[in-house]
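Engineer:
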Amino acid sequence: MVSIVCTLLLVIPYPNQPDWESTDDDYSTGGALVDIDLDGDVDFVTGNGNDMDRDPNRVYYNIGDSLEAVASWISADSGYNAHISVGDINDDGFPDLAVANYGDPYAVQYDKLYYNQTGTFDPLPGWRPHDLDNSFGCALGDVDGDGDLDLAVACGENYGGSAQTAKLYQNNGGVFDTLPIWESSISSYFCGVTWVDIDADGDLDLALAGCHRQNIIYRNNSGLLEASPYWQSPTSYGTIQIACGDVDGDGDQDMVCANNGQLGGPSNCELYLNTGATLDTLPAWTSQALNYYSCVTLGDVDRDHDLDIAAGGWWESVKVFENDSGSFPLTPSWQWIPSNPYDLVCENISFGDVDNTAPSSIINEKHIVQPDERVFYLENRWLISIDRVRRTSGDVAHDEYCFSYTDGWVSVKDIIATEETLWVDYTYAYDLDLAVTNWRQYRGNFLFYNRYDVGIVEHSTQNQHVVISFPNPNRGEFVVTGNKHGLSIRIFDALGRLVHESNNMSVTLKQTGIYFMQVYDHDTVHTTEKFIVIR
249 MVSIVCTLLL VIPYPNQPDW ESTDDDYSTG GALVDIDLDG DVDFVTGNGN
299 DMDRDPNRVY YNIGDSLEAV ASWISADSGY NAHISVGDIN DDGFPDLAVA
349 NYGDPYAVQY DKLYYNQTGT FDPLPGWRPH DLDNSFGCAL GDVDGDGDLD
399 LAVACGENYG GSAQTAKLYQ NNGGVFDTLP IWESSISSYF CGVTWVDIDA
449 DGDLDLALAG CHRQNIIYRN NSGLLEASPY WQSPTSYGTI QIACGDVDGD
499 GDQDMVCANN GQLGGPSNCE LYLNTGATLD TLPAWTSQAL NYYSCVTLGD
549 VDRDHDLDIA AGGWWESVKV FENDSGSFPL TPSWQWIPSN PYDLVCENIS
599 FGDVDNTAPS SIINEKHIVQ PDERVFYLEN RWLISIDRVR RTSGDVAHDE
649 YCFSYTDGWV SVKDIIATEE TLWVDYTYAY DLDLAVTNWR QYRGNFLFYN
699 RYDVGIVEHS TQNQHVVISF PNPNRGEFVV TGNKHGLSIR IFDALGRLVH
749 ESNNMSVTLK QTGIYFMQVY DHDTVHTTEK FIVIR
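Be aware that the sequence shown starts at 249, since it is given in our numbering, and climbs by one per residue.
1. DSSP puts W582 in a beta bridge; with which residues?
2. Assuming N296 contacts T277 under a Cβ cut-off of 8 Å, what Cβ separation, rounded to an integer in Å, is found between them?
3. Which of the three DSSP states is assigned to H646 in this structure?
4. What residue from Q412, D283, D267 and N338 has the CA that sits closest to Y350's CA?
5. Within 8 Å, do at least three Cβ pairs link the region 451 to 462 to the region 427 to 438?
6. Using only alpha-carbon positions, find the residue among A525, F369 and D370 that is nearest to I446.
7. Bridge partners of P607, per DSSP?
8. Just verifying my parser: in three-state terms, what is the DSSP assignment at D591?
9. Using the DSSP secondary-structure output, state which residues sit across from H615 in a beta bridge.
10. Using a Cβ-Cβ cutoff of less than 6 Å, which residues in the same chain neighbour V576 once the five nearest sequence positions on both sides are dropped?
11. Could you have a look at G335 and say whether DSSP puts it in helix, strand or coil?
12. Return helix, strand or coil for F576, following the three-state DSSP convention.
13. Return the first residue and the last residue of the beta strand (DSSP E) that D291 is part of.
14. Our contact map puts G561 next to S542 with C-beta atoms below 8 Å; I'd like the distance itself, whole angstroms only.
15. Are at least three pairs of beta-carbons, each pair with one atom in the region 384 to 402 and one in the region 451 to 458, less than 8 Å apart?
16. Do the CB positions of D379 and P428 come within less than 8 Å of each other?
17. Considering only C-alpha positions, which residue in the set T545, Y485 and S565 is nearest to L538?
18. When burial is assigned at 16 or more other CB atoms within 10 Å of the CB, is I597 buried or exposed?
19. Are the Cβ atoms of P482 and T523 separated by less than 8 Å?
20. Under three-state DSSP, which class holds W375?
21. Quick one, are the C-beta atoms of Q489 and A475 less than 8 Å apart?
22. On a Cα-Cα basis, can you pick out the residue from Q618, H770 and D273 that is closest to T669?
23. At least one CB of chain B closer than 8 Å to the CB of R691: is that the case?
24. For E648, which residues from the same chain have a beta carbon less than 7 Å from its beta carbon, with the 5 sequence-adjacent residues on both sides left out?
25. If you run the structure through DSSP and keep just helix, strand and coil, what is A280?
26. Are C403 and A387 touching if we call contact CB-CB under 8 Å?
27. Could you give the residue range of the beta strand (DSSP E) that holds K778?
28. Enumerate, from N- to C-terminal direction, the unbroken alpha helix (DSSP H) stretches of 4 or more residues contained entirely within the region 340 to 410.
29. Would you call the region 584 to 604 and the region 678 to 686 touching, i.e. three or more CB-CB distances under 8 Å?
30. Across which residues does DSSP place R738 in a beta bridge pair?
31. Would D673 and N722 qualify as a contact pair, given that the criterion is a beta-carbon distance under 8 Å?
32. Could you pull the start and end residues of the beta strand (DSSP E) that S754 belongs to?
33. From the DSSP output, read off the bridge partner residues of Y466.
34. Do A348 and A330 have their beta-carbon atoms positioned less than 8 Å apart in this structure?
35. V637: buried (16+ other C-beta within 10 angstroms of its C-beta) or exposed?
36. Short check: CB of E725 to CB of T772, under 8 Å?
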């Protein structure tokens with residue numbers, strides 16, 4: 249069984265060529281796969297311009313389980329737009345669009361917010377701050393625990409030597425304040441930003457990527473970010489983007505970084521593990537060095553219930569490093585680059601089930617909250633929707649919580665007086681297609697469909713042809729069908745232990761996890777198939 253496991257875990261299910269390319273002439277930078285019109289499938293939102301040109305922002309709607317090549321929504325304004333963040337700002341159920349505005353390349357700009365009007369964004373921004381700055385990244389998160397999304401922006405311009413502070417704008421009734429309620433104590437060339445409960449105390453802390461300055465985490469203390477950094481990286485590499493998630497499966501949030509060596513230093517990806525309350529100061533894993541890493545994210549692309557690392561760079565491949573029990577290879581497990589490497593300048597990687605292969609609905613996922621610990625992580629990320637949050641006394645209203653589509657956290661308003669149980673119904677992307685934004689003006693953005701085997705299995709021998717079918721993934725109760733009489737099955741768990749044996753092909757498994765099924769025709773093993781049980 250060990251050899252079977254190792255073989256199957258080394259397959260990343262993306263094709264050798266993109267399945268889709270957009271038609272535009274943008275310097276695309278920000279990207280998100282989110283259901284903008286609430287029709288049950290994810291659309292592709294892009295922020296465009298970078299430091300090269302004034303471009304509009306766009307939405308490529310999902311029509312018939314595929315993205316349109318030409319965007320249906322195009323903002324009426326243009327700018328040096330950079331990374332984006334998508335979430336419901338005004339509690340109307342529709343996700344809105346926040347955009348960081350980078351500059352030309354030194355002139356400061358206004359960041360912006362486009363409100364969603366029942367399925368399409370307003371053509372012009374409905375909010376901008378009083379301050380001008382050079383912002384490359386932004387992130388929506390509930391800093392004050394009031395159940396709505398506040399906005400953090402990562403500011404600074406490295407090429408022009410303009411160090412700036414990161415800023416936080418508070419949400420008041422669906423509108424951000426125009427002046428920041430907090431600024432970082434350190435001026436830096438901040439490029440990336442994300443919200444994460446790094447110390448597992450039930451609120452959201454703020455992590456910042458400092459390009460050729462240290463990466464920093466500011467801790468949340470009773471709804472306010474502290475003045476001094478809680479954690480700092482030991483090095484000052486050219487970090488452009490960071491992402492957080494439970495990489496090693498121990499229940500706390502780890503961090504991956506994409507380091508860019510264009511202005512000096514190494515170019516690689518690094519992983520910092522969480523000790524339980526903070527991050528290690530030294531990376532647990534470092535990828536091979538390449539030219540210019542620029543983006544990184546996390547997702548379970550091979551459906552084995554751990555987070556793989558996807559990354560990309562300037563004039564180099566988009567790639568995936570497979571997670572094998574918390575360990576990663578130095579070189580990519582899968583990668584793609586066009587025949588002309590200059591046609592791909594990766595800026596952002598987004599995951600989502602574009603072709604609706606396996607959207608999965610979870611009912612009554614249970615979480616315990618405390619009066620002062622009201623942020624929790626769902627068991628899955630890359631959300632399509634949260635359909636219901638329920639407590640013993642009834643439903644939690646939509647304006648009493650907010651969530652992250654990409655990271656899977658939920659933040660509940662201060663309505664909890666004592667320890668309570670919450671149950672969450674939600675839908676998430678189980679089949680992760682990969683979308684990459686491309687800074688190259690003369691090529692489009694790219695999408696790769698996840699080609700994971702959905703459970704129809706064939707196996708042939710010289711004299712016999714056996715076909716079996718079963719749902720994969722499944723909820724632990726299913727029937728295996730075959731084209732021959734006399735077939736039997738044996739099922740083993742991930743440790744190689746026999747957990748089920750049957751001649752009637754009916755299966756009942758009570759535990760979630762990864763399993764391997766051997767199919768027999770009398771005494772002959774015809775195939776061994778990996779499958780996953782979810783709840």
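Quick reminder that beta carbons are idealized off the backbone N, C-alpha and C, glycines included.
Structural biologist: Put simply:
1. V568, per the DSSP bridge assignment.
2. 6 Å
3. helix
4. The candidate whose alpha carbon is nearest that of Y350 is Q412.
5. yes
6. A525
7. Paired residue(s): A677.
8. helix
9. L670
10. According to the sequence as given, residue 576 is Phe; it is not Val. Same-chain partners within the cutoff: W533 and F569.
11. strand
12. coil
13. D291 to N296
14. 5 Å between Cβ atoms; contact.
15. yes
16. yes
17. S565
18. buried
19. Cβ distance not < 8 Å, so P482 and T523 don't count as in contact.
20. strand
21. At least 8 Å separates the beta-carbon of Q489 from that of A475.
22. Nearest C-alpha to T669: Q618.
23. Structure shown: chain B not included; a single protein chain is present.
24. G395, V660, K661 and I663
25. strand
26. no
27. T772 to V781 is the span of the beta strand (DSSP E), which, as asked, contains K778.
28. none
29. yes
30. In the DSSP output, where bridge partners are listed per residue, R738 has E749 and Q766.
31. no
32. S754 to T756
33. Answer by DSSP bridge pairing, in chain order: L454.
34. Result yes, Cβ atoms of A330 and A348 sit closer than 8 Å.
35. buried
36. no
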